[in-house]
Structures are given as C-alpha cells and as structure tokens.
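Residue numbers (UniProt numbering): 1 to 663. Positions of the beta carbon are idealized from the N, C-alpha and C atoms, including for glycine. Beneath this line is the structure, given in structure tokens, with notes to follow.
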C-alpha cells in the first residue's frame, strides 16, 4: 500500500527491487524518489543504509530537486563489500510547515497570536525530545526556552518576537532535533557493493602465444611464445600503469575445421588456429595449450603478475571446437541439425565452422555443473577476473545462477561481459550480476555521440551496468583508427581513460596498428585471432614509434586523481565547435577538498580546431577565476566561465586540466 506520505518511483531499483543495484565500496551513488503529500504542509525525507553486517548507517537527508517537482535525492556511500539495503524515510515536518506559514502571516498581521501559540506548542514538543545524556542538550534547551518566551511576550514588538524564532541558533537546534509526524518507511531495497576493481582499472590484453614468439628469417616459420616468455612482457605492461592483464583463451585449439590466416578455410600445417575454437585431443576448458606450457607455468605467470600489481583476467568462452572432449562425451550439449550434423556457430553472413555453440536447453544441470567446475578450477590457480565471450548468446537465467554461485563463496571474483548487442540484453546481463560490460564506446566518435553516451553510462544506466571503455579489441578496429593516423589513437585513449573508471587496450594499439583486412571491415589484416604476431617492441620504442609513454601518463593521472576513478561524476560542458568535447569529473577527498579534472579534446584527428569553451562553474565548484594546470604539457593558465582553446591533433589534441586553486 501507499504510505501516509507517498514515496514513489524509487531509484535505483533493478527489476522492481528483485535484483541489487550496482554499488562499489567507496563510490557514492544517488538515491532518489518522488515524495509528496496532500495539501501544503512541508515534509522531509532521508536515506538510511544498512550494511552487510546489519548495522544501520547514519541517515542522509534528501534534498529537493530544484527543477523536478516533488523529487528528492541524496548521495550515499557504502564502506564495506557485500549486500546492502537502503530505506527511504519520509515524514510530515510540522516545524517547517509552521516556519513557512509564520514567515508569511505574522509580517502581514494575520493570525499573529495564534501563530505564536502554535509555535510555542511545537517548541515545547521539541524540548521533550532532548536527551539529557547529550552534552549539547542543555544549550539546546536554553535556546528553545528563549524562543518559547518570545512567543508569549506580548510586550515585545511583533517583529522582534518573530526575529527570535527565525534566528540561526534556533534554526540549527530545530534541524538537529526535528519533529516528525506521519513517518513513512519505504524499502528496504537492495544494492550490492563490489570491490574497487569492479569499478576502476586499466586493462591490457595480449595473446601469450605472440609474446616472445620468434620468426625464422630464412624459412618464415613462426615459433609460438609461451607463458614463460609472455611473463617477461608483464614488466612493460605494469610500467605503463595497467592494473589487469587479460588473456584470450589459453586452452588447446581444435584441429577440425581450423581457420587459417585472415579467417580462411585452408590452414597450413603450422597455422595455430583461433584460441576461441577451444578443445582438441589435448583437452578442453580445463587444460592449457601444450605450446604455451603447463599449469606450473601458468601459476608462475600469475605469481609474477601479482608481484607487479597486475591481476590476471582469463577468457571464459563457453563453446567448443568439433574435437573438444565435450563433443564426444556429451553430444547432447550441442544442437543437432536435421541432417544429423552438429550446428556450428553462425551470425549470417559470418560463419564459424571451427566452433560449436553450447545448447543450454539440453541437459542444463549437467552443463551448469561442468561450467562451475571449470570456473572454480581456474579460480584455484589465482584467476579472480573472467572476461566472458559472447554472454548474450547464452540464457540470462544460466548467468544469474552461475554468478550467484560464485558470489556466494568468492565475492571478490569479477566477470566482464563481452556483449556488443542490443541495450536490453546488455543491461540485463549487468542486472543479473555481471560486474562490468563492454560498451558502444568504440562506435561513438563524434562529439554529440560522445556527449550523449557519457551521460547515458554515468547517469542513466549506472545502476545496471558498469562500462569498460576498450579502445580496440582483436576483432574491432574502427574506421576512425584505420584512417585517423596516430592522432586518432591518442584522442581515443584520452577520452576512454579519462571519462570511464575502467578502460582497456589490446596489444598493438601503442604501435598504431591500423590496417584492416579489407575496406569497410573492422577486422585487422593478419588478425592475431588466427595467427601469431611477432612484434618488435624494443625497436619501436628505440625509434619513438610507440604511444606507450602517453598511455603511461594517462594511467598515472588516473591513479593520482580519485575523480578519474569514479563513474557517476561526469559533467558535460560546452564549446562553440562541433569537434571540441568538454567534460569534467570531480571527487570529494577525505579532508573535504575537491579533486577536479577538466578534459577538453579535439575529436577531429585531421585538423587543428580553435574555439571558446564554456564551463558550468557550479558543476566544478569554482569561482569566476581559477588556476588550471595542463597535466600533459605542464602549462598553467587562469580560467573562468569562458575560455579560448586551440588544439592541434598533430601535437597535443587535448587539454587535461586540474583545478589548482580558486580565487
């Protein structure tokens, strides 16, 4: 039933409160609701968080939205991981109602003594609520007694009596010791606070078979890298400031219907095939490709990554090559077509003859048990993050079950959804438990597209999914990067790293790899999905053909500025040029100071742009004039509401400004 003080349209709610809203330890999130009542009496509302240990946190007063009638909101911050709840408490505020009426009626000479009498009765009620054990109760009682005396002292001028009742001292006491009538409680509603890495992190993806691989100059034969040689590359990844090293599947690769270079159907005897075609005579999802090494080698890889501050994320791709052990032992886990063959994966016109999708409607309990076993196996070898391939092609009910099972015993284990699909499915995957999600960021390149998308992910879908802005992937090379030159790589990295708390880079990005297999395609030429790529990292660094120093600087800034580690704090500003994107992020530090970063970026990789940038000073909490420092170039300026900028993509396409001081 509707409460005596209606509280409706509560946010954040996921699936009408059946599922928890997204939260992170230390990250503020907004709670809002429509709160109203009949008539004109004043009311109040607050949010009360209850921690996983059952302890209630001090209430946080909700403020009325100045632009939306009857909408109240407050920001609350969970400080422990686990399952939280929040309640909204609303009440009729008789003191505020009287204060409003008295401030209008008494100066106009309307019901003067009646208003003073009603005020006295309210003040006497407040006195009865004082706790004598409270050290401040005596002072509060004195202030209240003085006010009560003013309500009855008809010898004083009416204006003087009213002034006592409107004095700041009394207002403060009444705020500290409020009267609440008709109290209504709505909730509890669930929210789940994950560990910080669920929200914030810099991801780097590489194929272990390419790291340390060699090519014979005479024969052209390529020798695969191993987990041991790949571990040597981790130092460079950590030096660039990345937090997560993500590995595509490291399992045995199918030999039946193996793909050759550039997704061809005629592989040579030395072609390695796609790592996503999982399974062969050497094993399935619970095995390591023999060319890469052993579980001991994998454990050593994880240990070295951990020593460098890197978490290892492993791909979880629930599909099988035709020669996967599952196909022999559990053919019922797949779809059999009318001609008796097992259906391979298709997304017409694309065909994946080397992959059999799992049919989750055949023996669901057996499939669930096997997947849970596989996930726990890799967890036992130090994997606490899984990047899940194509989760949108499996039932949501399965994922909800699996993620709940893992969370029940290992709530620190995280799952990233790789689902470039319809919004409903992407939001659904986030709602049922995925901690992070790939996004449409790759395809948002124009200023207006980016403004809309940053607003969406930070303020509209934030209770459902956390974005991870990958600038490229092994199978997504956007035309913007193909034709934008090195400036495009710098621009996209800047926007991704500084607008989203989680972002990612696929190896080769820092070398400006940009050639597509054919015009109009987003596939790389000589894609690493189908062949081993030998890169000369040292040579590129020696010749200055690398973006690594710039990526390092971006990650340094992310670590130095708490504002860049949050999602829900993006503010969009304005410029007079259709190619100059302006946004800011702000966080409140433990000592009360503000950490503010303003990003101004030219999204046109081909031409210099000059324009005037217009800042919303209220959003950044600055005065008319304040000092800023460009954290890329070291230059300093005095900025205000309107500022001239010129950004040349061939030198520095962006200003990354920290607000140094206000004056």
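- Take residue 484, set aside five residues on each side of it, and the residues of its chain with a beta-carbon closer than 6 Å to its own are 605, in chain order.
- Beta-bridge partners of residue 8 (DSSP): 34.
- One alpha carbon belongs to residue 398, the other to residue 18, and they sit about 17 Å apart.
- In the three-state DSSP reduction, residue 145 falls in the helix class (H, G or I).
- Excluding five sequence positions before and after residue 77, the CB atoms of its chain that fall closer than 8 Å to its own CB belong to 26, 27, 28 and 29, given in chain order.
- When C-alpha distances from residue 31 are compared across 581, 196 and 463, the shortest belongs to 463.
- Here residue 514 is not near residue 551, since their CB atoms are 9 Å or more apart.
- Going by DSSP, residue 427 is part of the alpha helix (DSSP H) stretching over 423 to 431.
- Taking a cut-off of 8 Å on C-beta distances, the region 264 to 272 does not touch the region 323 to 338, as fewer than three cross pairs fall below it.
- Taken through DSSP and simplified to helix, strand or coil, residue 574 comes out as strand.
- The Cβ atoms of residue 252 and residue 274 lie no closer than 9 Å to each other.
- With 16 or more neighbouring CB atoms inside 10 Å of its own CB, residue 277 falls in the buried class.
- Between residue 659 and residue 597, the C-beta gap is smaller than 9 Å, which places the two residues in contact.
- The C-beta of residue 315 has 16 or more other C-beta atoms within 10 Å across all chains shown, which makes the residue buried.
- Straight through space, the alpha carbons of residue 324 and residue 331 are spaced by roughly 10 Å.
- One Cα belongs to residue 7, the other to residue 299, and the distance between them is close to 53 Å.
- The three-state reading of DSSP puts residue 638 in strand, counting E and B together.
- In the three-state reduction of the DSSP assignment, residue 313 falls in the strand class.
- When DSSP states are grouped into helix, strand and coil, residue 100 belongs to the helix group.
- Boundaries of the beta strand (DSSP E) around residue 588: 580 to 588.
- The straight-line gap separating the alpha-carbon atoms of residue 563 and residue 215 is approximately 45 Å.
- Between the region 421 to 429 and the region 234 to 242, the count of C-beta pairs closer than 8 Å stays below three; the two stretches do not touch.
- One thing to note: residue 319 has its Cβ within 9 Å of the Cβ of residue 357.
- Around the beta-carbon of residue 99, 16 or more other beta-carbon atoms lie within 10 Å, marking it buried.
- The three-state reading of DSSP puts residue 481 in helix, counting H, G and I together.
- Look at the region 75 to 99 and you find these whole runs of beta strand (DSSP E), each 3 residues long or longer: 82 to 92.
- Under the three-state reduction of DSSP output, residue 26 falls in the coil class, being neither helix nor strand.
- For residue 654, same chain residues with a beta-carbon under 6 Å away, outside a window of 5 residues either side, are 494 and 601 in chain order.
- Counting along the chain, no beta strand (DSSP E) covers residue 200, and no H or E run does either.
- Judged by pairs of C-beta atoms under 8 Å, the region 144 to 160 touches the region 105 to 120, as three or more such pairs exist.
- If the five residues before and after residue 83 are omitted, its C-beta is found closer than 6 Å to the C-beta atoms of 52 and 192, all from its own chain and listed in chain order.
- Runs of alpha helix (DSSP H) with 4 or more residues, each lying fully within the region 364 to 413, are found at 364 to 379 and 396 to 409, listed in chain order.
- Residue 347 and residue 364 have their alpha carbons spaced roughly 24 Å apart.
- Excluding residues up to 5 positions away in sequence, 469, 471 and 503 lie with their Cβ nearer than 6 Å to the Cβ of residue 496 in the same chain.
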